[in-house]
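Following: one structure in structure tokens, then a few remarks.
Numbering (the working numbering), first residue to last: 2 to 402.
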């Protein structure tokens, strides 16, 4: 879960800024060989391990590369469950659109309608911000994870190691954001803000009288049979099967690597607390884009996008990113980054070709190359000997750490 999402940064360079129509899927004569090569290249680049699952007209394909546990050398598994960070946002948006379809709220309701007095102070005013503006990041509300004090306490090494098990409430997260002035007047610009989705989760709870987690379980997880998907709340462990998660904790990529598997995800709240796996994410985004979760009008709303400032060709809907790749294929989905976990889940507009993958490290790896390999058949550049930051090019990752 990041200020500028990993997907925006990762595939922006591969987006074709054209007006071409939706292109055909990549040729299949090589199967998923380019994708496998891109996964192996990510490990060569320094990612401890990668797991990926793709679904296309030929069926389901899964692969792994690298280690799931640097201490034991155990490999990653195609069944690994991992923290998906901001991919949570698409689930939150889906629930709110379902509630709109049921007539229980309008996305054009103001935030103050449902959370009276919550967004106030320092120029912030919930009476002038709509629920829709929360979902497409045009509210102007400051991103609490960009606050220097918050970052020092929960995101960087010294703070994280002291506070990794702290429990934070949504109200505390919003208070951090409201200690800042708005980034811009509502509806006048775009800026990725995790605060928007903390507030969106609070709106769900006010409308339904139940937790956003229970709404996601009842409306999405159970109907789709997403058995690997969960909302941990304050639970610090990952369910089995899973791999370890590693981070540099905002230090240099050549510094120590920390095992950050155990953490309290309440700091991410409804902006990024979820856990899932590749198969579940593919099933979710396929069902979403093919109209199984939302009526036609609400799916149209979700796919109505605004420009992502500073990234030509990238657009953001309601909890859903849209991008066009170098080969003309248009993809929809989201990314997610949280301590020790970087994930991407994408599908074509017709929901017939999907990909979900995860790096169990948050400082290396070329997500763009994996996406381009799967949807465009584009092979990554050839790699040389594995990089070694201690001076020995033959030394393996587990020996370095």
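Just so you know, even glycine gets a beta-carbon here, dropped at the ideal spot from N, CA and C.
Residue i versus residue j: straight-line alpha-carbon distance, rounded
i	j	result
residue 301	residue 153	40 Å
residue 316	residue 188	15 Å
residue 350	residue 114	34 Å
residue 109	residue 167	35 Å
residue 330	residue 58	16 Å
residue 150	residue 181	12 Å
residue 194	residue 134	11 Å
residue 246	residue 141	33 Å
residue 248	residue 238	16 Å
residue 27	residue 35	Here the model assigns residue 27 a pLDDT of 49, short of 50, so the residue's position is not dependable, and the following value carries that caveat. About 11 Å.
residue 33	residue 61	11 Å
residue 214	residue 383	44 Å
residue 164	residue 94	29 Å
residue 73	residue 273	29 Å
residue 11	residue 372	Because residue 11 sits at a pLDDT of 38, beneath the cut-off of 50, its placement in the model cannot be relied upon, and the point is left open.
residue 50	residue 358	11 Å
residue 269	residue 232	11 Å
residue 1	residue 224	Examination of residue 1 is not possible in this model, given that the chain is present from 2 through 402 alone.
residue 80	residue 240	11 Å
residue 379	residue 327	9 Å
residue 218	residue 97	14 Å
residue 332	residue 243	27 Å
residue 45	residue 314	29 Å
residue 277	residue 311	30 Å
residue 117	residue 307	27 Å
residue 364	residue 158	14 Å
residue 68	residue 206	39 Å
residue 1	residue 279	The structure shown does not extend to residue 1, since the chain spans only 2 to 402, so no value can be given for it.
residue 71	residue 192	36 Å
residue 22	residue 325	Caution is warranted here: a pLDDT of 31 is assigned to residue 22, below 50, making its placement in the model unreliable, and the coordinate value is therefore given only provisionally. About 10 Å.
residue 119	residue 208	15 Å
residue 236	residue 121	31 Å
residue 360	residue 43	8 Å
residue 204	residue 377	39 Å
residue 129	residue 40	45 Å
residue 190	residue 125	15 Å
residue 303	residue 323	11 Å
residue 171	residue 63	36 Å
residue 309	residue 343	20 Å
Residues bridged to residue i [DSSP beta-bridge criterion]
i	result
residue 335	346
residue 62	55
residue 83	277
residue 248	259
residue 111	131
residue 149	Answer is none; residue 149 lacks a bridge partner.
residue 119	The partner list for residue 119 (beta bridge, DSSP) is empty, contrary to what the question assumes.
residue 359	52 and 344
residue 126	121
residue 67	50
residue 323	316 and 333
residue 76	68
residue 307	317
Test item: CB-CB of residue i and residue j under 8 Å
i	j	result
residue 281	residue 229	yes
residue 111	residue 127	yes
residue 366	residue 86	no
residue 103	residue 299	no
residue 369	residue 55	no
residue 77	residue 65	yes
residue 38	residue 381	yes
residue 335	residue 91	yes
residue 341	residue 262	yes
residue 352	residue 305	no
residue 254	residue 47	yes
residue 201	residue 271	yes
residue 251	residue 169	no
residue 211	residue 99	no
residue 89	residue 275	yes
residue 136	residue 319	yes
residue 355	residue 283	yes
residue 285	residue 321	no
Any non-hydrogen atom of the ligand NAD closer than 7 Å to residue i Cβ
i	result
residue 114	Ligands in the displayed structure: none, and consequently the ligand NAD is not present.
Below-8 Å beta-carbon distance, residue i vs any chain B residue
i	result
residue 261	Annotation note: the requested chain B is absent from the structure, which comprises a single protein chain.
Subject >> Contiguous alpha helix (DSSP H) assignments of at least 4 residues, all confined to the segment 267 to 305 >> reply: 270 to 273, 279 to 290 and 297 to 303
**OP:** Spell out a yes or no on whether the segment 176 to 191 and the segment 141 to 155 are touching, meaning 3 or more CB-CB pairs, one atom from each, closer than 8 Å.
**Re:** Touching, yes, given that three or more Cβ pairs across the two stretches are closer than 8 Å.
Original post:
Is the segment 196 to 215 in contact with the segment 288 to 296, if contact means three or more CB pairs nearer than 8 Å?
Top reply: no
Subject >> Uninterrupted alpha helix (DSSP H) stretches inside the segment 205 to 237 (no shorter than 4 residues) >> reply: 213 to 217
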